[in-house]
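Every letter in the sequence shown is one number past the one before it in our numbering, and letter 137, counting from 1, is 162.
C-beta atoms are modelled at their ideal positions from N, C-alpha and C, and glycine is treated no differently.
One structure below.
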Amino acid sequence: MRRERIGKNILTVLFVLISIAYMMPIVVVLFNSFKSNAAINTSTFALPNAESFVGWANYQNGMTVGEYPFINSVAYSFVITILSAALILICTSMAAWYISRVDDVFSRVVYYLCVFSMIVPFQMVMFTLAKTANVLDLDTPWTIPVIYLGFGAGLAVF
């Protein structure tokens with residue numbers, strides 16, 4: 026009984042240490058968010074002091090400054106998610122209905138293409154897709170759902 030308790034205590038200490046190791050980067054980022062850029066560059070792991078502390082200024086800049094302020098980013102994320110889900114639902118449900126109802130060579134080929142698209146690793150597709158999206162100017166919040174349709178169609182049809 027005592028040996029079992031010692032083993033559990035050792036495991037508890039081990040998992041606490043692992044948890045601390047996983048949480049440290051988050052804590053460092055949180056502390057650095059209250060420091061100036063110069064202080065982050067010179068003393069990354071130091072706690073904020075009187076001369077490096079900038080308060081909430083970094084958060085105010087993040088919310089309002091830049092090409093996509095935070096509130097715009099949230100709105101774009103919402104629009105992209107809703108449009109992507111709607112496109113995938115509408116387009117792939119029609120394709121799945123056709124594949125399941127019509128038994129010909131074309132529907133079998135489309136079905137196997139959808140299955141094959143799930144086998145190809147994401148990393149193989151991502152670099153060429155990102156380059157193609159940039160060349161075709163599909164890198165705006167309004168055209169990203171078309172790209173997501175291409176990624177999600179195979180799984181949704183299957």
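{"Query": "For E29, the first and last residue of its enclosing alpha helix (DSSP H)", "Result": "R27 to N57"}
{"Query": "N- and C-terminal bounds of the alpha helix (DSSP H) containing S118", "Result": "F95 to R126"}
{"Query": "Residue burial classification, K33 (beta-carbon count within 10 angstroms, cutoff 16)", "Result": "exposed"}
{"Query": "8 angstroms Cβ cutoff met for N74 and I65", "Result": "no"}
{"Query": "Sheet register partners of K60 (DSSP bridge)", "Result": "F78"}
{"Query": "Euclidean distance between Cα positions of A110 and P146", "Result": "22 angstroms"}
{"Query": "Burial state of G80, where buried means 16 or more other Cβ atoms lie within 10 Å", "Result": "exposed"}
{"Query": "Same chain, Cβ closer than 7 angstroms to L108, neighbours up to 5 away in sequence not counted", "Result": "P170"}
{"Query": "Range covered by the alpha helix (DSSP H) that runs through F152", "Result": "F147 to V160"}
{"Query": "N- and C-terminal bounds of the alpha helix (DSSP H) containing F141", "Result": "V130 to I144"}
{"Query": "A178 in three-state terms, based on DSSP", "Result": "helix"}
{"Query": "Of the listed residues V52, L72 and P50, nearest to K60 (C-alpha basis)", "Result": "L72"}
{"Query": "Nearest-angstrom Cβ-Cβ length linking V104 and P166, presumed shorter than 8 angstroms", "Result": "6 angstroms"}
{"Query": "Option nearest C116 by Cα separation, candidates A181, I96 and I45", "Result": "A181"}
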